[in-house]
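So the protein lines, in turn, are chains A and B.
In this note's numbering, each number is its position in the first sequence, counted from 1, plus 8.
In this note's numbering, each number is its position in the second sequence, counted from 1, plus 8.
Virtual Cβ for every residue (Gly too), placed ideally from N, Cα, C.
Shown next, in structure tokens, is the structure this report addresses.
Protein chains: 2
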Amino acid sequence: MAKEKGITPQSVDFNEWYNEVVLRADLVDYGPVRGTMVIKPYGYAIWENLQRELDRLFKETGHQNAYFPLFIPISFLQKEAQHVEGFAPELAVVTQAGGEALEEPLAVRPTSETIIGYMWAKWIRTYRDLPQLLNQWNSVVRWELRTKPFLRTTEFLWQEGHTAHATQEEAEAEAHRMAGVYAQVLREWCAIPGWEGLKTESEKFAGAVYTLSYEAMMRDGKALQSCTSHYLGQNFARAFGIQFQDKDQENKYVHTTSWGFSTRVIGAIVMTHGDDKGLILPPRLAPIQVVVVPIYKGETREGVLSAAEALCRVLREAGIRVHLDDRDQYSPGYKFNEWELKGVPLRLELGPRDVEGGTVVLASRLGGKETLRQEGLAGLLQERLNRFQQDLYQRALAFRDAHTWVVDGYDEFKERVEQGFVKAFHCGDAGCEKQIKADTTATTRCIPFDEPKAEGVCIRCGRPSAYGKRILFAKAY
Amino acid sequence: MAKEKGITPQSVDFNEWYNEVVLRADLVDYGPVRGTMVIKPYGYAIWENLQRELDRLFKETGHQNAYFPLFIPISFLQKEAQHVEGFAPELAVVTQAGGEALEEPLAVRPTSETIIGYMWAKWIRTYRDLPQLLNQWNSVVRWELRTKPFLRTTEFLWQEGHTAHATQEEAEAEAHRMAGVYAQVLREWCAIPGWEGLKTESEKFAGAVYTLSYEAMMRDGKALQSCTSHYLGQNFARAFGIQFQDKDQENKYVHTTSWGFSTRVIGAIVMTHGDDKGLILPPRLAPIQVVVVPIYKGETREGVLSAAEALCRVLREAGIRVHLDDRDQYSPGYKFNEWELKGVPLRLELGPRDVEGGTVVLASRLGGKETLRQEGLAGLLQERLNRFQQDLYQRALAFRDAHTWVVDGYDEFKERVEQGFVKAFHCGDAGCEKQIKADTTATTRCIPFDEPKAEGVCIRCGRPSAYGKRILFAKAY
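Right under this line is the structure:
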């Protein structure tokens, strides 16, 4: 809570601002083991709201939840060459269990393609067993060196969808469909605009044929990959022998996909919307949408509190997530700061004169105060919450567009990637991408779907452009 | 699926019956690592239904969800002497991560009292920070030697509630309240009758002052501890230094509780209700409450299928979880067997004459067939599902009571614990309990709350009874 001292402004040190805000707003705390985090109730409630909507959409698109074990034999990961190369350096390994050394060490899952592939090889016999449309909600472990709450931790919560199909066409459609579900939730629930697109070869998932992602812009101009969806081709099918007898009696390998959305999105919400006062939460995800702060002294206390309680009841019955801050030990001003820090979209102030006059003062976390009639308040607040949600998205979209540049020269490129995103031509060569990263720390973020067709020369090396359009570069989390 | 051969009857080999049923009904499969399980969609859907109701009740009683890390430094577990003694032999230990040997090995959590205790010591300052009412949905790892799907696996899913209070009274009330929530869900949702009571000293949780449990009877007469709720006193508070400044300015240790409910309950549901045809699922938890099997040949196919689809739509809109089995490759008889194996409570059969006459045939998984009018069917089925739920509970209760004996002689005791539960007097001595276990493999299950006051002599050693009432003995899973 913002008591001891103010929060470091974003403009002074964005990184420090983030670390302070997520801790002080009670979203998260550091765990005792290096790089781990504890997700506190206020942060977890945001995750639950996201889960509910994602889970609904997964089921609506035909998926079922299941649960696969945490421990994966190391040999499984080695079956797919790219996959093991990508994940081996980050594994946490169980070598002892039940007081004895294990014959084969077990990886704590970094992702579950391999163990699910192993089971599918047992389960899938004919085309009638397809498609397999599975999802699981779990935690995964990746031993990262530099960690940051939500964005990069040694353990994080996510969902991982895994599907197997008879044809390439169907599997590719699935990978795109789920990328679309994610984009919908990111836009409509998180109010985070982004670019949907294809990752370049050097940035794709270890083991994928290709990876789709949603690249969002944080308020320091850096990119955050907010989710990924992979078409895995027959890579895992061949590695694990996942074959089916097709209608034509032929034995064929399945085509698989996987797609994931994690608690890192909470970090994206913080860094997309927050300001120097703290968080600003999108109403659809906010654990508390409206906080009521009663304002009283001595003898007015009881009357104001009981009016505030009555008001909360009405709002709660209308389906608004409302909280009454009736703590006696803090002043209204202290409470205002705290709820601003915690990003509650709307605040209602209720004093003795409001009680008498049947009014209430509404303050928006996006600014502005107005006096309203208590009568019909619930409907009005619903409308304000919807507008808040839209305003938040529009604000982030305007910020993103103001910090995105179409660039053709490498000097300008270097300057602009310090401030935001750059759309430029690239030759498609992985070595050239590597050199750009060495020069600027920026990477290719994606080949955006909605970028118009165009040809040009590579921003760095001048060779003809690949991809048939400009692609997106940025420094990334 | 029940195709290759019939299921081993319960009376021939209950253990084998269980293993076959959980696999064939598609609830679960064995994972690649010894003692692990994969929870398949049909099994996981039961868990989701349980989760939804438990989570609702936890929130209604003021709890919030959070997430604490999977990895716990080994030294944490050693801080509470009883706790480490209980859990050390079952730990899975990570010794390498990120390609290097760890300085301190990490336990994969067997339960989270210690890591939550560590965080509370940081978070709790004054009485205003209390109570802490937390819950988490996660998986835990206990390296068991003999494993069995759902009942005892090296990893399982559960929720673990953890609360901290200013006073003993409040903490004890919490432990009892949550045991009551569990009992409610076990009775009303799982249709599992049981005895609520206190565990004896030798059977309590490692680190608890006392443990409350719900002891259910399986159809082989053995007991299954279906959940536990622990009053932990100040044991963990002292081990982790969790103190608060009370209203009287004194620094005091908090009193804590913990309580858990796991996927083992799915095993309890199977073994409480199942029969030689397979599962029988309680309607409130069944992923499919009503299955519709269309009966057609050649030219009647289209008419019957479209009538079946229309019927399903109506039932779905009325909130019934209905599934249309429109697979052409299987006969109605095959389908009947499969859905009986999978424990679907009600089956509707719809043939050409039913389509013409506006009727449908209803078959209950508990027996009985009747022809009904399609008109007003949804309401009637809701009623039948409710009755099914109650019948299932009553049937299990009658079975339990028919297999529970009040016994005063040790020879009779030995005979009866082969068949079910025994209520007998006991001296309260741990050594005597141990001897009974050595003689019979039976253990004390609990000191039941609703057992009337009585005095007598110990069933084995003849010393005066402790506890002031008979206690419950049985062989246990």
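Reduced DSSP category for residue i - H, G, I as helix; E, B as strand; rest coil
i: methionine 9 of chain A; result: Model confidence at methionine 9 of chain A stands at a pLDDT of 42, short of 50, so the residue's coordinates are unreliable; what they give is reported in the following sentence. Correct three-state label for methionine 9 of chain A: coil.
i: glutamine 104 of chain B; result: strand
i: histidine 173 of chain B; result: strand
i: histidine 238 of chain B; result: strand
i: aspartate 283 of chain B; result: strand
i: alanine 96 of chain B; result: helix
i: glutamine 86 of chain B; result: coil
i: methionine 225 of chain A; result: strand
i: glycine 470 of chain B; result: coil
i: threonine 449 of chain B; result: coil
i: isoleucine 123 of chain A; result: helix
i: valine 414 of chain B; result: strand
i: leucine 220 of chain A; result: strand
i: tyrosine 485 of chain A; result: coil
Cutoff 7 Å: residue i Cβ touching any chain A Cβ
i: asparagine 27 of chain B; result: no
i: lysine 48 of chain B; result: yes
i: proline 201 of chain B; result: no
i: glutamate 163 of chain B; result: yes
i: proline 295 of chain B; result: no
i: tyrosine 342 of chain B; result: no
Distance CB(residue i)-CB(residue j) smaller than 7 Å
i: threonine 280 of chain A; j: tryptophan 55 of chain A; result: no
i: tyrosine 338 of chain B; j: isoleucine 47 of chain A; result: no
i: leucine 380 of chain A; j: valine 368 of chain A; result: yes
i: glutamate 346 of chain A; j: lysine 285 of chain A; result: no
i: alanine 231 of chain B; j: tyrosine 401 of chain B; result: no
i: phenylalanine 429 of chain B; j: isoleucine 467 of chain B; result: no
i: glutamate 223 of chain B; j: arginine 453 of chain B; result: yes
i: leucine 194 of chain A; j: serine 234 of chain A; result: yes
i: proline 295 of chain A; j: glutamine 397 of chain A; result: no
i: histidine 173 of chain B; j: proline 139 of chain B; result: yes
i: glutamate 88 of chain B; j: alanine 247 of chain B; result: yes
i: arginine 373 of chain A; j: isoleucine 277 of chain A; result: no
i: alanine 315 of chain A; j: valine 300 of chain A; result: no
i: alanine 183 of chain B; j: tyrosine 126 of chain B; result: no
i: proline 97 of chain B; j: glycine 107 of chain A; result: yes
i: leucine 480 of chain B; j: lysine 442 of chain B; result: no
i: glycine 241 of chain B; j: valine 262 of chain B; result: no
i: arginine 117 of chain A; j: valine 92 of chain A; result: no
i: leucine 370 of chain A; j: glutamate 378 of chain A; result: yes
i: isoleucine 303 of chain A; j: glutamate 357 of chain A; result: yes
Cβ of residue i within 7 Å of any chain B Cβ
i: alanine 326 of chain A; result: no
i: lysine 11 of chain A; result: For lysine 11 of chain A, the predicted structure reports a pLDDT of 48, less than 50, and the residue's modelled location is therefore unreliable. The matter cannot be settled from this model.
i: glutamate 186 of chain A; result: It should be pointed out that residue 186 of chain A corresponds to methionine in this sequence rather than to glutamate. For methionine 186 of chain A, the answer is no, since every Cβ of chain B falls outside 7 Å of its Cβ.
i: phenylalanine 396 of chain A; result: no
i: valine 425 of chain A; result: no
i: threonine 119 of chain A; result: no
i: leucine 332 of chain A; result: no
i: alanine 74 of chain A; result: yes
i: proline 40 of chain A; result: yes
i: phenylalanine 79 of chain A; result: yes
i: alanine 105 of chain A; result: yes
i: tyrosine 135 of chain A; result: no
i: alanine 100 of chain A; result: yes
In DSSP terms, what residue i is bridged to
i: lysine 305 of chain B; result: Bridge partners of lysine 305 of chain B: none, in fact.
i: threonine 208 of chain A; result: Answer is none; threonine 208 of chain A lacks a bridge partner.
i: tryptophan 131 of chain A; result: Tryptophan 131 of chain A pairs with nothing; no bridge assigned.
i: alanine 432 of chain A; result: A/Ile479
i: arginine 160 of chain A; result: A/Lys156
i: lysine 461 of chain B; result: B/Lys477
i: tryptophan 166 of chain A; result: A/Asn146, A/Ser270
i: glutamine 355 of chain A; result: Checking the displayed sequence, the identity of residue 355 of chain A turns out to be arginine instead of glutamine. Looking at the DSSP assignment, arginine 355 of chain A forms a beta bridge with A/Val299, A/Ala371.
i: asparagine 243 of chain B; result: Beta-bridge pairing links asparagine 243 of chain B to no other residue.
i: lysine 260 of chain A; result: A/Phe252
Identify every run of the beta strand (DSSP E) within the region 11-80 of chain B, keeping only runs that are complete inside it and at least 3 residues long; order them along the chain. Segments of the beta strand (DSSP E) lying fully in the region 11-80 of chain B: 36-38, 45-47.
Secondary structure, alpha helix (DSSP H): runs of 4+ residues fully inside the region 357-392 of chain B: As far as the region 357-392 of chain B is concerned, its whole alpha helix (DSSP H) runs of at least 4 residues are 360-365.
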